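In what follows, a structure is listed as structure tokens, so that the remarks can point back to it.
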Amino acid sequence: MSELQINEGLKLQKCDDVVSRKNANDIIVLMKMDDSSSFFKINGVAAEVWDLLSDGKSVKEVLDQLEGEYNVTRDVLLGDVSKLITQLVDKNLAITA
47 MSELQINEGL KLQKCDDVVS RKNANDIIVL MKMDDSSSFF KINGVAAEVW DLLSDGKSVK
107 EVLDQLEGEY NVTRDVLLGD VSKLITQLVD KNLAITA
């Protein structure tokens with residue numbers, strides 16, 4: 047795992063070699079267009095977070111939106127979003143902007 051410091055001002059962008067597609071079931075498939083040809087599926091709230099981050103939203107903006115939609119504390123949201131961001135960066139699917 048990386049030593050990524052997550053704060054509310056953080057923004058991500060997908061890596062240049064990643065293609066993102068959403069299917070009819072709102073499952074997002076992330077494909078690495080490198081020698082590995084790896085792909086990853088994300089769904090549910092993780093897919094919503096990916097969409098928001100892909101649109102250039104900061105972690106704060108993502109948390110603000112999710113906090114209004116789900117009955118969960120901001121600290122829990124920050125923990126979950128931070129885990130997802132760390133996984134995306136560790137798998138070279140996204141980089142900090």
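Going by the numbering used here, 81 is the number at position 35 of the sequence shown; the sequence numbering is gapless. Yeah, the Cβ is synthetic: ideal placement off N, Cα and C, and Gly gets one too. Model, not experiment: these values are computed from the prediction.
Check, Outcome
"According to DSSP, residues forming a beta bridge with Val-105", "BP columns for Val-105 are empty, so no partner."
"Rounded separation between Met-79 and Asp-63 - CA only", "5 angstroms"
"Cβ contact (3+ pairs, closer than 8 angstroms) linking the segment 70 to 79 and the segment 123 to 130", "no"
"Helix, strand or coil at Ser-66 according to DSSP, with G and I counted as helix", "strand"
"Alpha helix (DSSP H) segment containing Ala-143, residue limits", "First-last for Ala-143: undefined, no H or E at that position."
"Beta carbon of Val-95 nearer than 9 angstroms to that of Tyr-116", "no"
"Lys-106 versus Leu-134: straight-line alpha-carbon distance, rounded", "18 angstroms"
"C-alpha gap between Thr-142 and Val-118, whole angstroms", "26 angstroms"
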